[in-house]
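Chains as they are written, first to last, in the UniProt record's numbering: chain A, 1 to 435; chain B, 1 to 606.
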């Protein structure tokens, strides 16, 4: 039996040095000025749950950790046996001090499974239990219910077929506000993400660039069509479950204003964007002038090919958290579903062009564009089978797409300068009237 | 008034025993009996042999000609049994070799109890069976239950003597209005399922060609007569039947006249005859339908199946081609996920190619367009609803793909059915009519007529393949036997490996998924009666490019994958996903050897 508080004390003193090296730590750009334990819970003889406040620049953010004396450098999530405790607690629906482990109504879970951590992850930690369940632990905690859990539950409630079904949760309160610590979902071992599917198709096309995109064996259009259908079904289900509103001139003006201010900020950092600034502003202005009221609702918020999974039952959408860097108010607000569509359309562009980075080959560039056009169109066709055709709202869709591309410019500039050509050439193409 | 003719007049079987040689005082046709012939010694006893057998479809006409008339025959086939035994074949499937006017490739049978004279005699068939059984090889053949040729003496009697014992053997009607909900299957050639017979002055019912009248299963005598046909060949020693066109036996007003309950009832009667009188023989259903419908033909699951022992899995085959062209496992994964469990005593038959076109009936319209675009670039390659090509040309003669496809055929759930000639990578001839493209003579040697026949080359039933890529001078059995790296030797080795692991035959199938859509990975797990588990792991790269894959083998932590073709031990499975890399169109077969299992050669786990 360990003394949890002694262990936490040791952890807290080690954390300031450890944090910058931990993958899930979101504040790597600023020095850590202090770490304070907020809550310590003994979950099992060898397993301690701890929430710490990490102070940086006078701001403080809560993070959760699972630690054990048995683990190297405290962190226990690498230990499949210890991870099994979390699933068992959820299955039994237990409350341990302030932590609430619950399974969704009408679900029964297997216990005694080992939990293997997923290798590749950024801001969260996910554990896979026996090919059946996946538990996502949110590392940096946000006050208020997590949109991922809220939207998954709502979609389950209306019988949505295009999600991994939610099975349970770990929640608590911090300062009287609910906080989501983790979400358990069905795990789909046969799933492949949309990015891998799409780039497989592009690779096939690039190897036979004398054939057109609709002639090669690896043509993706049928998948893109089904994907469009799936995204529209999820939008329809979200609207059914959580309602819709109408955004009027004021809301639209403020959305356009934030696009303009993002553009201003990026122009400041990335001079290459300068030649497109007038054209971009014109598109944003046009959107403002031509728009009447638009329907808004809850949406995915950060949709791209990496957030969709192909399974034998069809396409699923995952990770309804919204853009992790955005403030929680924005992530949970109702917005136009065309934002999700724009995100997917941008993603098709990326999938088509990513193999060309650093290459200068007109033939391949032509094929890439052909692939992107074919699959963007197929996606919209599939979407239009369920909801209205997104291309009917060309002004708004274009504005969303360009706004996304401006964001990509900033991201590539900071992280992968050689990829900058992808969003820049898209901006040039869209503003000059191409798709 | 049409002059009455002898009922056996249209058979052309003078001098050999046949149906209708004589007519009894009661008007019954004399039929040959099994006792008139010798019967073959049975194959070694094994009641569930079909679950693990490697089948080989061979056209008698195309395999070997023993008498120099330019057409393959039963004696010729018997002379090639050593080759088939060497290859590892367990069971031959022969398309019909019965007496027939050959207006539908022999599926228009004019006498169920006689052999087509150009193929030989019933005695020759007994000889083939005897020789095959001596080598442990079984033989099954097609049997058409639904209809006969209009040259069959039964039909001749039926049209001439409506009040005689055969008057009610076929479905006759005064008009052509009944059963109007039944679709017309051969829409290219037939305009109705009814045809007027001027001799009897009535219409007769036919689901296929107008020269193939449907038997009337409402008549108990027909049921008995067909059961006796089964008994005739089973007595002679045949190991089973592929039942052709089974969904159509009965008609019922207001239905589409397919898959009716009474059709299943009759199949149960056939099965009972087999179980009671001829245990160890099999019935294989040909029902080109979706797997969820085909399972009906296995019968009641609670008793392990009480209709057919086997059925072909039609939709899987086109999807294997599609998956490789798309470099995506989903076409295969989806159809296997939609395939229901089958009763204990049953098994699927799976195949890549057969004597018909690569059939595309069991795909969606979108998929069919895709398959045509990818595999039938020349419109001549299309036939009916399908593609009339052999395996090697379909794969553009790519050895790596040919091996990958064969590995899939030998490792996916079901008993594999090879098509003659594909083991040496034979080509096709799309300038021949219809499905003859894939029915050219087997290529044995570089000699005259590819060693198939010593006849004058002009007399041969179809020209041998002579093009520079697939021509018999270079591509033949003899050349490949002498080359250890040939496709033939490779195929034989893979069949041998398959037979060493019963998991390939009866093991559970579990797909492993994985993050790479181009890699299809699955486990086959078989629990031996002594409780020992045999687990094989198959990993297939459907892409032409090299691929990595990370597989979740956490259930097998501590096991060691033993590669099955070479016996190389791979690194032990640990906690992390198991990383493998595969060359373009590459595949692996592993046995997962548990730590401490010393039943495996070199099984120590140091």
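C-beta atoms are modelled at their ideal positions from N, C-alpha and C, and glycine is treated no differently. Because the structure is a prediction, the values reported are computed rather than measured.
query: Test item: CB-CB of residue 99 of chain A and residue 41 of chain A under 8 Å; result: yes
query: Where the segment 195–213 of chain A meets chain B: residues whose CB sits under 9 Å from a CB there; result: 196, 197, 200, 201, 203, 204 and 207
query: Run of the beta strand (DSSP E) containing residue 212 of chain A, from where it starts to where it stops; result: First-last for residue 212 of chain A: undefined, no H or E at that position.
query: Chain B contact residues for residue 218 of chain A, given Cβ-Cβ distances below 8 Å; result: 325, 326, 327 and 328
query: C-beta neighbour in chain A for residue 397 of chain B, strict 8 Å; result: no
query: Cα-Cα separation between residue 604 of chain B and residue 533 of chain B, rounded to whole angstroms; result: Caution applies to residue 604 of chain B, whose pLDDT of 42 falls short of 50 and renders its modelled position unreliable; the model cannot decide the point.
query: Supposed close pair residue 135 of chain A, residue 184 of chain A - CB separation, criterion 8 Å; result: 5 Å
query: Proximal chain A residues relative to residue 221 of chain B, where beta-carbon distance stays under 8 Å; result: Simply none; closest approach about 49 Å.
query: Three-state secondary structure assigned by DSSP to residue 635 of chain B; result: For residue 635 of chain B there is no data in the structure shown, the boundaries of chain B being 1 and 606.
query: DSSP state of residue 533 of chain B mapped onto helix, strand, coil; result: strand
query: Chain A contacts made by the segment 516–546 of chain B, where a contact means CB separation under 9 Å; result: 516, 517, 518, 543, 544 and 545
query: Where residue 361 of chain A falls, given that 16 or more other Cβ within 10 Å makes a residue buried; result: exposed
query: Chain-ordered neighbours of residue 57 of chain B on chain A, where CB pairs are closer than 8 Å; result: Near residue 57 of chain B there are no residues of chain A at all, since even the closest Cβ is about 28 Å away, more than 8 Å.
query: Pairwise C-alpha distance: residue 53 of chain A and residue 589 of chain B; result: 52 Å
query: Beta-carbon contacts of residue 349 of chain A that lie in its chain and below 6 Å, excluding the five residues immediately before and after; result: 372 and 426
query: Proximal residues of chain A, C-beta to C-beta of residue 513 of chain B below 7 Å; result: 189, 190 and 191
query: CB of residue 446 of chain B within 8 Å of CB of residue 462 of chain B, strictly; result: no
query: Members of the segment 332–354 of chain B near chain A, C-beta cut-off 7 Å; result: 333, 334 and 337
query: Close beta carbons around residue 587 of chain B, own chain, < 6 Å, minus the five adjacent residues each side; result: 404, 407 and 540
query: Given 8 Å, three or more beta-carbon pairs between the segment 311–325 of chain A and the segment 154–165 of chain A; result: yes
query: Meets three-Cβ-pair contact criterion under 8 Å: the segment 496–503 of chain B and the segment 543–553 of chain B; result: no
query: Interface partners of residue 222 of chain A on chain B, CB under 7 Å; result: 366
query: Partners in chain B for residue 131 of chain A, counting only beta-carbon separations shorter than 7 Å; result: 552
query: Option in B:338, B:76 and B:121 with minimal Cα separation from residue 67 of chain B; result: B:76
query: Which listed residue (B:413, B:16, B:178 and B:275) has its alpha carbon closest to that of residue 341 of chain B; result: B:413
query: Residue 606 of chain B classed as buried or exposed, judged by whether at least 16 other C-beta atoms fall within 10 angstroms; result: Confidence at residue 606 of chain B is low in this model, with a pLDDT of 36, below 50, so the placement of that residue is unreliable and no value is reported for it.
query: For residue 97 of chain B, three-class secondary structure by DSSP; result: coil
query: Residue-chain proximity (residue 35 of chain B, chain A), Cβ-Cβ < 8 Å; result: no
query: Other residues of its chain near residue 418 of chain B: CB distance less than 6 Å, five sequence neighbours each side excluded; result: 56
query: Contact the segment 295–303 of chain A vs the segment 333–340 of chain A: 3+ CB pairs below 8 Å; result: yes
query: Chain-ordered chain A contacts of residue 575 of chain B [CB-CB under 8 Å]; result: 80 and 116
query: Straight-line gap, residue 13 of chain A to residue 218 of chain A (C-alpha atoms, nearest Å); result: 54 Å
query: The alpha helix (DSSP H) enclosing residue 86 of chain B, as first and last residue numbers; result: 81–87
query: Residue nearest to residue 509 of chain B in terms of C-alpha spacing, selected from B:597, B:537, B:208 and B:209; result: B:537
query: Minimum length 3: unbroken beta strand (DSSP E) runs contained in the segment 84–148 of chain A; result: 99–103, 115–117, 124–129 and 133–138
query: Burial state of residue 431 of chain B (16 or more Cβ within 10 Å); result: exposed
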